[in-house]
Structure formats: C-alpha cells, structure tokens
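**Student:**
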Amino acid sequence: MDQKKRAILACKVNDLIFEGIVKNFKTFKTEKDIVAYIGKILKKHGMTNSYPPIVANNTSVIHAKPRDKKLARGFLVLDIGAKYRGMCSDMTRTLFIGKANVREKTLYKLVKDCQSKCIKKLKIGISCKELHEYSIRLLGKYAKYFPHALGHGIGSKVHRKPRISYKSNEVVKEGIIAIEPGIYIKNNREEFGIRIEDTICIGNNIEILTKFPKKLIEV
C-alpha cells in the first residue's frame, strides 16, 4: 500500500475521532478524559498516536500537556495524529466550549481564512519561505502571536522536511504535508490558543485528506 493510501486511512480515523469528540462532548470533564477517548478509538482501529495528543483548553502553550483541570468556557485546541503502517496523519481543530462572542468568532475566522488561503497557494515548487511570509501578511497585527512554522512534511515521522518557515530555503515537493497557522494570546485578561491544521497531499492536484469541518463548532 502506497504512502497516500496509508495517509488517507489514518486521516479517516482522525476524522472519526473528531466526530466522536463533538458527539460525546458532554461526557468529558477534563482534557485527560478526551485523551483517553482518543486512545480508545485509535486502538479500536488498529492504529497508534503519531504523537502525544494535544488537548488544550484556554492555554497559550503550543504543545500543552493534558491536565485534570475541569473543562471551562473558551477555546479548546485538539491536535491529534494517527499512525497506520508507518504513515502518520496530523490534524488540528479548535472547538469552543460554550457560546463564542463576536471577537472570539472574528479571531477564529482570521485563522481559518489564513489556513484556507495558504492551502490555495500550495503548489509543487513554491518556496516554503514565501508561504510562511504570506501567512504572516494574512494574520496582520495578530502575526506577532504566531510563533511557529506554518507547516511541515509528514511521513513515517509526523515532522519531517520540508519545514514551511520563513527561515527555510526549501521548496514544496510532491508528497504529504501539514499546514497549521495559529495564534496564541496571553495577557492579564485572557489566555487562549487557536490553531487549524490539515494533512494535505501534494501532487498534480492539492488534496486535503483530513475532512472534518473547519467552521467554529460550539460544544
């Protein structure tokens, strides 16, 4: 089975996990409850984590570790990957616990639109630096809250070349990559993160393999 077919199967399980989290959300009390559910579904489908799941409610920590803290109103970043026969998937969605206000919806849309426009710009041969710089322009005044690379290659390891960053001299080639803009804000009034990520196949066409909706879902 080739790399793309294995990636598609891993991504399908990712989508199932996100569907299940939303459907069963009221049964989860803490971030660790959600992590346990992720492990259960992966095991059911004969897969493993491609990296430790990130379940992050109201935190600006990019690679947050799951806590026993009770889930509360606000953004919930879910960064989940499945691994099938040596091939990884990588996917992030941000849910909102409770009802989002106008500003929260606006910030979410900013990240969502940035990701969508960066994916539309993808093609074989485009400079990784150019892509990242484009995302920074799209985020405007919020770009200062985007401290990491725009994306990366995916294979037997969840992070591999190319690194889609303004520091990179590489170009996008045929293969599997992730695009994941995000903003992370912490001040005296608030703390949260918003990130959206898809696993994408680069070839004659650009195909998004992770299908779960990217509209803001309130749970």
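In my numbering, the protein residues as written are 3 to 221. Heads up, the beta-carbon is just placed ideally off N, CA and C, and yes, glycines get one too.
(1) So for T212, helix, strand or coil by DSSP?
(2) Grab me the residues of T94's own chain with a C-beta within less than 7 Å of its C-beta, minus the 5 sequence neighbours each way, in chain order.
(3) Looking at the unbroken alpha helix (DSSP H) that takes in T296, where does it start and where does it end?
(4) So I163 and E176 are in contact, right, with Cβ under 8 Å, and what is the actual spacing, rounded?
(5) Over the uninterrupted beta strand (DSSP E) stretch that includes N59, give me the two end residues.
(6) In whole angstroms, give me the CA-to-CA distance for K31 and N189.
(7) Can you tell me the Cα-Cα spacing of F77 and I204, whole angstroms?
(8) Please state whether the Cβ-Cβ distance between D17 and F148 is less than 8 Å.
(9) Please state the DSSP three-state secondary structure of A151.
(10) If you draw a straight line from the alpha carbon of F98 to that of P54, how long is it in whole angstroms?
(11) Whose C-alpha, out of K101, K42 and D4, is nearest the C-alpha of V15?
(12) With DSSP run on the structure shown, which of helix, strand or coil describes Y186?
(13) Need the endpoints of the alpha helix (DSSP H) that K6 sits in, please.
(14) For I166 and G22, I'd like the C-alpha separation in whole angstroms.
(15) On a Cα-Cα basis, can you pick out the residue from N60, K85 and A9 that is closest to I40?
(16) If we require 4 or more residues per run, which alpha helix (DSSP H) segments fall completely within the stretch 43 to 128?
(17) Taking the CB atoms as reference points, tell me whether V24 and I219 lie closer together than 8 Å.
(18) For A12, count neighbouring C-beta atoms within 10 Å of its own C-beta (all shown protein chains included) and say buried if the count is 16 or more, exposed if not.
(19) Tell me, to the nearest whole angstrom, how far the beta carbon of I10 is from that of L109; I am working on the premise that it is less than 8 Å.
(20) Hey, how far is the Cα of G195 from the Cα of K146?
**Tutor:** Based on what the coordinates show:
(1) Reading the sequence shown from its first residue, position 210 is the one you call residue 212. When DSSP states are grouped into helix, strand and coil, T212 belongs to the coil group.
(2) The residue labelled residue 94 in the question sits at position 92 within the sequence shown. These residues qualify, in order along the chain: V79, L80, D81, E182, R197, I198 and E199.
(3) Here the chain covers residues 3 to 221 and nothing more, so residue 296 does not appear.
(4) Numbered from 1 along the sequence shown, position 161 holds the residue referred to as residue 163. Numbered from 1 along the sequence shown, position 174 holds the residue referred to as residue 176. In the sequence as presented, Ile is not what sits at residue 163; that position holds Lys. Contact flag wrong, Cβ pair sits at about 13 Å.
(5) As a first step, residue 59 is located in the sequence shown; it is residue number 57 there, counting from the start. Per DSSP, N59 belongs to the beta strand (DSSP E) from I56 to N59.
(6) In the sequence shown, counting from the first residue as 1, residue 31 sits at position 29. In the sequence shown, counting from the first residue as 1, residue 189 sits at position 187. So the alpha carbons of these two residues sit roughly 26 Å apart.
(7) Here residue 77 corresponds to residue number 75 of the sequence shown, with the count starting at 1. Here residue 204 corresponds to residue number 202 of the sequence shown, with the count starting at 1. Going by C-alpha positions, F77 is about 30 Å away from I204.
(8) Here residue 17 refers to the residue found at position 15 of the sequence shown. Here residue 148 refers to the residue found at position 146 of the sequence shown. When the beta-carbon positions are compared, D17 and F148 stay at least 8 Å from each other.
(9) As a working note, residue 151 is residue 149 in the sequence shown. Residue state, collapsed to three classes: coil.
(10) Here residue 98 corresponds to residue number 96 of the sequence shown, with the count starting at 1. Here residue 54 corresponds to residue number 52 of the sequence shown, with the count starting at 1. Straight-line spacing of the CA atoms in F98 and P54 works out to 22 Å.
(11) One-based indexing of the sequence shown puts residue 15 at position 13. Residue K42 is the option with its Cα nearest to V15.
(12) Working through the sequence shown from its first residue, we reach residue 186 at position 184. Strand at Y186.
(13) Translated into positions along the sequence shown, residue 6 becomes position 4. Residues Q5 to K25.
(14) Here the question's residue 166 lines up with position 164 in the sequence shown. Here the question's residue 22 lines up with position 20 in the sequence shown. So the alpha carbons of these two residues sit roughly 31 Å apart.
(15) Within the sequence shown, the letter at position 38 stands for residue 40. Answer by Cα proximity: K85.
(16) Taken in chain order, the complete alpha helix (DSSP H) segments of 4 or more residues contained in the stretch 43 to 128 are 104 to 123.
(17) What you label residue 24 is simply residue 22 of the sequence shown in a count that begins at 1. What you label residue 219 is simply residue 217 of the sequence shown in a count that begins at 1. Yes, the pair counts as a contact, with Cβ atoms nearer than the cut-off.
(18) For the purposes of this step, residue 12 is identified with residue 10 of the sequence shown, where counting begins at 1. With 16 or more Cβ atoms within 10 Å of its Cβ, A12 is classed as buried.
(19) To locate residue 10, count along the sequence shown from 1; it is residue 8. To locate residue 109, count along the sequence shown from 1; it is residue 107. Not quite, the Cβ-Cβ distance comes to about 32 Å (not below 8 Å), so this is no contact.
(20) On the sequence shown, position 193 is the one that residue 195 refers to. On the sequence shown, position 144 is the one that residue 146 refers to. Taking the straight line from one Cα to the other gives about 13 Å.
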